[in-house]
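Participant: Numbering (full-length UniProt numbering), first residue to last: 1 to 494.
(1) Looking at C-alpha atoms only, which residue of 147, 185, 186, 183 is the closest neighbour of residue 173?
(2) Assign residue 346 to one of three DSSP states: helix, strand, or coil.
(3) Check whether the Cβ atoms of residue 453 and residue 351 sit closer than 9 Å, and answer yes or no.
(4) Taking residue 304 as the reference, which of 458, 428, 116 has the closest Cα?
(5) Flag this pair as touching only if the segment 12 to 26 and the segment 112 to 121 have three or more C-beta atom pairs under 8 Å; answer yes or no.
(6) Going by DSSP, what residue range makes up the beta strand (DSSP E) through residue 284?
(7) Buried or exposed for residue 508, please, with buried defined as at least 16 other CB atoms from any protein chain shown within 10 angstroms of its CB.
(8) Give me whichever residues DSSP pairs with residue 365 in a beta bridge.
(9) Whose C-alpha, out of 207, 358, 335, 57, is nearest the C-alpha of residue 421?
(10) Nearest CA to the CA of residue 226: which residue from 92, 293, 110, 197?
(11) How big is the Cα-Cα spacing for residue 463 and residue 455?
(12) Output yes or no for whether 9 Å exceeds the beta carbon distance between residue 519 and residue 202.
(13) Hey, quick one: how far does the beta strand (DSSP E) through residue 17 stretch, first residue to last?
(14) Are residue 279 and residue 480 closer than 9 Å when you measure CB to CB?
(15) Would you call residue 154 buried or exposed, if buried means 16 or more other Cβ atoms sit within 10 Å of its Cβ?
(16) Give every residue of the same chain whose Cβ lies closer than 6 Å to the Cβ of residue 473, excluding the five residues on either side of it in the sequence, and list them in chain order.
(17) Give the straight-line distance between the Cα atoms of residue 44 and residue 105, rounded to the nearest whole angstrom.
(18) How big is the Cα-Cα spacing for residue 389 and residue 57?
(19) Would residue 466 pass as a contact of residue 321 if the rule is Cβ separation under 9 Å?
(20) Just to confirm, are residue 478 and residue 283 a CB contact at a threshold of 9 Å?
(21) Between residue 157 and the rest of its own chain, which residues show a CB-CB distance below 8 Å, the 5 nearest in sequence each way excluded?
(22) Just to confirm my understanding: we take residue 194, look at its own chain, exclude 5 residues before and 5 after, and list those with CB closer than 7 Å. What are they?
(23) By alpha-carbon positions, which one of 451, 132, 189 ends up nearest to residue 349?
(24) Output yes or no for whether 9 Å exceeds the beta carbon distance between residue 42 and residue 87.
(25) Could you tell me the boundaries of the alpha helix (DSSP H) in which residue 114 lies?
(26) Determine the closest residue to residue 71 out of 440, 122, 398, with distance taken between C-alpha atoms.
(27) Would you mind stating whether residue 378 and residue 396 have Cβ atoms separated by less than 9 Å?
(28) Suppose you measure from the CA of residue 417 to the CA of residue 324; what does that come to, to the nearest Å?
Dropping the structure here:
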């Protein structure tokens with residue numbers, strides 16, 4: 001005999017409907033390798049999430065101008081969330097099924113996890129500007145705790161080597177459920193209900209942040225596979241059948257193909273086929289590429305105009321150098337232009353080096369000369385060879401003492417004196433070494449050095465990047481528009 005037990009009506013149903021089967025069906029040990037089996041889906045989701053972000057920006061502008069979310073973009077973004085939910089349900093967000101997720105944005109009635117979102121008739125222009133970054137912050141904090149980076153167990157190899165357990169609460173609870181299944185063969189129902197509720201919370205926040213609804217996500221944990229929105233639960237000795245769905249509020253538009261709350265097979269809504277999905281993904285990747293090109297172009301132009309000194313050189317910051325020996329050497333400055341399609345004048349331009357003695361009021365010598373001549377000049381003296389930023393100098397041991405550097409004439413360019421010495425040099429073919437010494441060749445050299453160049457190509461590069469970015473942006477807009485028109489022409493599938 002059936003006993004009818006009324007549920008107390010809950011608040012207004014939230015427009016994001018997350019549903020799953022009443023009882024999970026999983027094997028004892030497949031969860032150990034699902035991280036491997038799900039890799040194809042993870043790869044696809046990387047591109048789908050990129051498209052989700054770009055199309056959400058497009059939707060933002062559409063909402064600002066029209067107050068409506070473009071239906072084709074809405075269906076695509078719902079499909080991305082649905083895809084993510086199926087993979088999460090299969091993998092380490094629930095580990096509640098062994099049925100492999102389908103590669104489709106559309107609803108699959110045969111899969112045990114479902115997602116539908118009510119299409120809004122109108123969206124607030126003002127909320128669209130602030131809800132995704134400001135109003136959702138409290139929920140972002142909660143979602144960060146729930147999802148985190150996924151449950152992980154790792155060996156921290158440092159001075160206090162130890163095992164470290166970290167990640168989100170959802171991933172941790174899913175692993176606990178998997179261990180219980182491995183031991184007992186049954187998925188613990190309280191954990192199943194809790195995991196469904198936590199994932200439902202995350203998906204509601206994702207839809208709100210994606211501008212798909214103006215209704216603020218409730219701070220309410222609706223546990224279980226079905227959303228209890230004012231329904232009747234028919235209980236009998238044979239087990240609980242799915243309760244009937246509650247009627248939607250007046251004036252509320254339900255998405256085509258939405259799964260009735262409480263079970264039932266959804267009707268898949270068509271439009272986004274493989275070709276249109278590939279087109280929009282390529283278009284969104286092009287949009288991200290254009291953003292990088294435009295950012296690089298603007299940055300290059302700004303650096304070309306702002307980062308130059310009064311003489312037109314892009315200078316490095318001042319770095320201290322020193323040696324207990326007789327010299328600081330910058331070697332292996334190899335320049336070979338024979339047969340090359342570029343020359344130093346086009347790539348580097350003129351080079352400027354400023355050198356200041358580290359000892360107040362002391363004189364300093366700086367010269368650039370052929371590498372072989374510099375090596376012969378230093379001979380058996382001790383000196384330091386700079387190897388680059390962040391690297392310790394290479395110390396060359398020796399017992400000899402070199403002559404005064406100004407006593408030899410192989411230098412291509414030199415500067416000597418007190419205060420800051422500024423040397424401008426035009427790069428030439430050859431193997432060169434730059435040397436900092438005390439004018440008398442004595443040991444113990446300290447100096448502050450800055451290097452710069454004119455880089456004549458920076459302005460042209462900046463303009464070229466901006467032009468390329470605009471062209472790629474136009475291509476992106478064309479591809480996204482083409483995909484949306486194709487979706488609009490495609491009849492809905494039933």
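Glycine included, C-beta positions come from ideal geometry on N, C-alpha and C.
Facilitator: Walking through what the data contain:
(1) On the chain shown, position 173 is the one that residue 173 refers to. The shortest Cα separation from residue 173 among 147, 185, 186, 183 belongs to 147.
(2) Looking up residue 346 in the chain shown gives position 346. The answer is helix: DSSP assigns residue 346 an H, G or I state.
(3) Looking up residue 453 in the chain shown gives position 453. Looking up residue 351 in the chain shown gives position 351. Yes.
(4) Looking up residue 304 in the chain shown gives position 304. Considering only alpha carbons, the answer is 458.
(5) yes
(6) Residue 284 sits at position 284 when you count from the first residue of the chain shown. Unbroken run through residue 284 is the alpha helix (DSSP H), 274 to 306; no beta strand (DSSP E).
(7) Here the chain comprises residues numbered 1 to 494, so residue 508 is not present and cannot be evaluated.
(8) Here residue 365 refers to the residue found at position 365 when the chain shown is read from its first residue. 416, 437.
(9) Counting from 1 along the chain shown, the entry for residue 421 is found at position 421. Answer by Cα proximity: 358.
(10) Your numbering for residue 226 matches position 226 in the chain shown. Here the closest residue by C-alpha is 197.
(11) As a working mapping, residue 463 is identified with position 463 in the chain shown. As a working mapping, residue 455 is identified with position 455 in the chain shown. Residue 463 and residue 455: Cα-Cα distance of roughly 14 Å.
(12) Residue 519 lies beyond the residue range present for the chain, which begins at 1 and ends at 494; the question has no answer from this structure.
(13) Counting from 1 along the chain shown, the entry for residue 17 is found at position 17. Here the beta strand (DSSP E) through residue 17 covers 16 to 20.
(14) Position 279 of the chain shown, counting from 1, holds the residue named residue 279. Position 480 of the chain shown, counting from 1, holds the residue named residue 480. Closer than 9 Å, so yes.
(15) As a position in the chain shown, residue 154 is number 154, starting the count at 1. Note that residue 154 scores 44 on pLDDT, short of 50, meaning its location in the model is unreliable and no value can be drawn from it.
(16) Against the chain shown, residue 473 aligns to sequence position 473. Closer than 6 Å at Cβ, skipping near neighbours: 290.
(17) Here residue 44 refers to the residue found at position 44 when the chain shown is read from its first residue. Here residue 105 refers to the residue found at position 105 when the chain shown is read from its first residue. Each residue's alpha carbon lies about 11 Å from the other.
(18) Locating residue 389 in the chain shown gives position 389, counting from the first residue. Locating residue 57 in the chain shown gives position 57, counting from the first residue. So the two alpha carbons sit approximately 40 Å from each other.
(19) Indexing the chain shown from 1 puts residue 466 at position 466. Indexing the chain shown from 1 puts residue 321 at position 321. Not in contact: residue 466 and residue 321 (Cβ atoms no closer than 9 Å).
(20) The count along the chain shown starts at 1 and reaches residue 478 at position 478. The count along the chain shown starts at 1 and reaches residue 283 at position 283. Yes.
(21) By one-based count along the chain shown, residue 157 stands at place 157. Residue placement at residue 157 cannot be trusted, given a pLDDT of 46 that sits under 50; the coordinates are not used to answer.
(22) Here the question's residue 194 lines up with position 194 in the chain shown. Taken in chain order, the residues that qualify are 173, 223.
(23) For the purposes of this step, residue 349 is taken as the residue at position 349 of the chain shown. With distances taken between Cα atoms, residue 349 lies closest to 451.
(24) As a first step, residue 42 is located in the chain shown; it is residue number 42 there, counting from the start. As a first step, residue 87 is located in the chain shown; it is residue number 87 there, counting from the start. Yes. Within cutoff.
(25) As a working mapping, residue 114 is identified with position 114 in the chain shown. Not the alpha helix (DSSP H): residue 114 falls in the beta strand (DSSP E), residues 113 to 117.
(26) Within the chain shown, residue 71 is the residue found at index 71, counting from 1. Nearest of 440, 122, 398 to residue 71, Cα basis: 122.
(27) On the chain shown, position 378 is the one that residue 378 refers to. On the chain shown, position 396 is the one that residue 396 refers to. Cβ distance < 9 Å, so residue 378 and residue 396 count as in contact.
(28) Stepping through the chain shown from its first residue, residue 417 is reached at position 417. Stepping through the chain shown from its first residue, residue 324 is reached at position 324. If I take the Cα positions, the gap works out to 21 Å.
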